[in-house]
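In the UniProt record's numbering, the protein residues as written are 1 to 607. Built from N, CA and C at the ideal position, the CB exists for glycine as well. Owing to the predicted nature of the structure, the values given are computational and were not obtained by experimental measurement. Contents: one structure, followed by commentary.
In structure tokens, the structure reads:
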């Protein structure tokens, strides 16, 4: 609820506007009046392009423009043509072009044509048109504009309406505003009682009674007034009893109200904005009113009723607002007209039913890459120097091909040394045997065996100076072409090889999908190098080790591929989809959102 000391912004705006209009009435100079009048109108028309007010003697002319926008600039030919048409037809005219909306209305009083008012704007809403209609009412108050017998009556109506409008926006709540308006209207119209009712369900129920802060709904007076209000609303027009001509109108409730309360005259004026928002104001006179009082009451009732109805809707509580919104939606869906809304509902139901019933294959998506089924490392057999390099990473080699050679000059010298030593030891052994020196022969035989072993070792090392491919493979790592002459140490990895006909697929699966992955599940792979080809695979291993990458926890899943392409190479990347099971489409498309919502619910609410 708003504090009593604070008014809503809309009330303040209306109040200021009403005061501005009232000050215009006090302007003595006609040119100054029209300039300020148009300036006030432009406050609510941000997209106004041009405007023209044409006035002249009633029904006689000549008619001439008294104010234009932009100032002192003739209006466009299109707007002038529309103004001439409206003066001939004496009916409002609206026309839309590619960029502008034209709106022209006649200014009439008592059937006499006083002039026309036309505007063009980029857009013109219903509220802005209502604002223009309100402003046109003040043109009729200028006695210089026309000579008509109804001048004083019109001024009286406008002033009374303005006073009641100020009373309606002065109340802090709807009840205060209604009470102030009805009480002041009762005084100005010399009424014994004025009642206000709003729609409640399928009928009108009394909301406010003039000069009475509280009332009991069960009393006969309230029920009789509500019956009269419903009678006027049902017939969709104002009802005055006694009536000069009854025609086909029904006045039973009005007659009963007069009979029960002893009044002389009853007037009920309905007001309506739509099928759910309407009401009525009932005026009662105990003595015969003069002829102008019922007419004056009828002229202001519809305007005041709509203003109070808007104020009532703006103060609705949230449950009431939601209920009203639901009711309106229900009428649109199940009532007459609104074919588009019904088709939209039918479409939503059909789509929902389709998603609830239709099933699809639930698949897990993950980034994937190819790796060799095994990686073979070729290392340096001894400390030495790189002499020659024939291949490097990225090249394909066949079994037995030489990849690189190490410098063998030291080994060949070593080989010659041990060969000469072997010859010397053999000569000593034969000499000792000839001299029958058994002990010396045994020593020489041992030295021969040692030399033979060293020579065999040297020959073996010489054979290893050539680094050969153990099988047909792709070199995945190693490039010695830039390291010729540099030393290498024993065991240093020189090359890594992967076979060309055996691959394994590695999937980086998100931790949110780990609950659905199983060994033996099958899927399809699309590599970036071959986007037009789908390669079948089967999951063979789910590892329990996670790797943090790009802010996500990813688990390594290995799979076996069933189809080899000639151009496949280790390191190729793509997207793999693992087929899990058949699930509803709506579950497949919303599972990520649902899981995230559950996690946040648990995090913040712990439930």
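Alpha-carbon spacing of residue i relative to residue j, whole angstroms
i	j	result
residue 40	residue 256	48 Å
residue 82	residue 104	7 Å
residue 107	residue 350	53 Å
residue 75	residue 84	13 Å
residue 562	residue 471	22 Å
residue 521	residue 564	19 Å
residue 135	residue 345	42 Å
residue 58	residue 286	40 Å
residue 115	residue 177	36 Å
residue 557	residue 581	18 Å
residue 657	residue 570	The question about residue 657 has no answer here: the residues shown for the chain are numbered 1 through 607.
residue 60	residue 33	23 Å
residue 411	residue 459	8 Å
residue 382	residue 488	8 Å
residue 391	residue 602	58 Å
residue 206	residue 296	22 Å
residue 594	residue 356	16 Å
residue 89	residue 117	14 Å
residue 512	residue 316	46 Å
residue 131	residue 69	17 Å
residue 55	residue 139	10 Å
residue 222	residue 266	14 Å
residue 492	residue 400	21 Å
residue 587	residue 233	52 Å
residue 145	residue 35	With a pLDDT of 46 at residue 145, under the threshold of 50, the modelled position of this residue cannot be trusted; read the value that follows with caution. Between residue 145 and residue 35, the C-alpha separation is close to 15 Å.
residue 252	residue 224	11 Å
residue 434	residue 420	21 Å
residue 468	residue 552	42 Å
Local conformation of residue i per DSSP, three classes
i	result
residue 387	strand
residue 471	coil
residue 483	coil
residue 378	strand
residue 541	strand
residue 294	helix
residue 338	coil
residue 567	coil
residue 10	Per-residue confidence for residue 10 stands at a pLDDT of 41, beneath the threshold of 50, marking its modelled position as unreliable; the derived number appears in the next sentence. Helix at residue 10.
residue 188	helix
residue 109	strand
residue 476	strand
residue 421	helix
residue 510	strand
residue 305	helix
residue 432	helix
residue 415	helix
residue 273	strand
residue 559	strand
For residue i: DSSP bridge partner residues
i	result
residue 552	549
residue 102	95, 120
residue 282	195, 268
residue 495	378
residue 206	197
residue 365	577
residue 65	54
residue 527	530, 574
residue 536	524
residue 241	266
residue 115	55, 107
Option nearest residue i by Cα separation, candidates the options
i	options	result
residue 376	523, 512, 474, 264	474
residue 120	181, 72, 53	53
residue 239	281, 277, 259	281
residue 49	590, 124, 529, 417	124
residue 31	223, 46, 71, 513	71
residue 463	86, 498, 402, 265	402
residue 258	435, 192, 198	192
residue 534	332, 575, 198	575
residue 202	64, 276, 220	276
residue 264	87, 284, 137	284
Any non-hydrogen atom of the ligand HEM closer than 6 Å to residue i Cβ
i	result
residue 271	The ligand HEM is absent from the structure shown, which contains no ligands of any kind.
Within-7 Å CB hit, residue i to chain B
i	result
residue 393	Protein chains in the displayed structure number just one, and chain B is not present.
> Are the region 298 to 309 and the region 262 to 271 touching by the rule of at least three beta carbon pairs closer than 8 Å?
Replying inline: With a cut-off of 8 Å on Cβ pairs, the region 298 to 309 is in contact with the region 262 to 271, counting three or more such pairs.
> Can you find at least 3 beta carbon pairs, one from the region 357 to 371 and one from the region 434 to 446, that sit closer than 8 Å?
Replying inline: Output reads no: the region 434 to 446 does not touch the region 357 to 371.
> How about the region 448 to 466 and the region 474 to 493: do they share at least three Cβ pairs that are nearer than 8 Å?
Replying inline: Touching, no, given that fewer than three Cβ pairs across the two stretches are closer than 8 Å.
> Can you find at least 3 beta carbon pairs, one from the region 320 to 328 and one from the region 211 to 230, that sit closer than 8 Å?
Replying inline: Result no; under three Cβ-Cβ pairs closer than 8 Å.
> Given 8 Å as the limit, is there contact between the region 507 to 517 and the region 365 to 372, that is, 3 or more CB pairs closer than that?
Replying inline: A contact exists between the region 507 to 517 and the region 365 to 372.
>> Under 8 Å, with one C-beta from each stretch per pair, do the region 511 to 518 and the region 392 to 401 reach the 3-pair mark?
In response: With a cut-off of 8 Å, the region 392 to 401 and the region 511 to 518 do not count as touching, because too few Cβ pairs lie within range.
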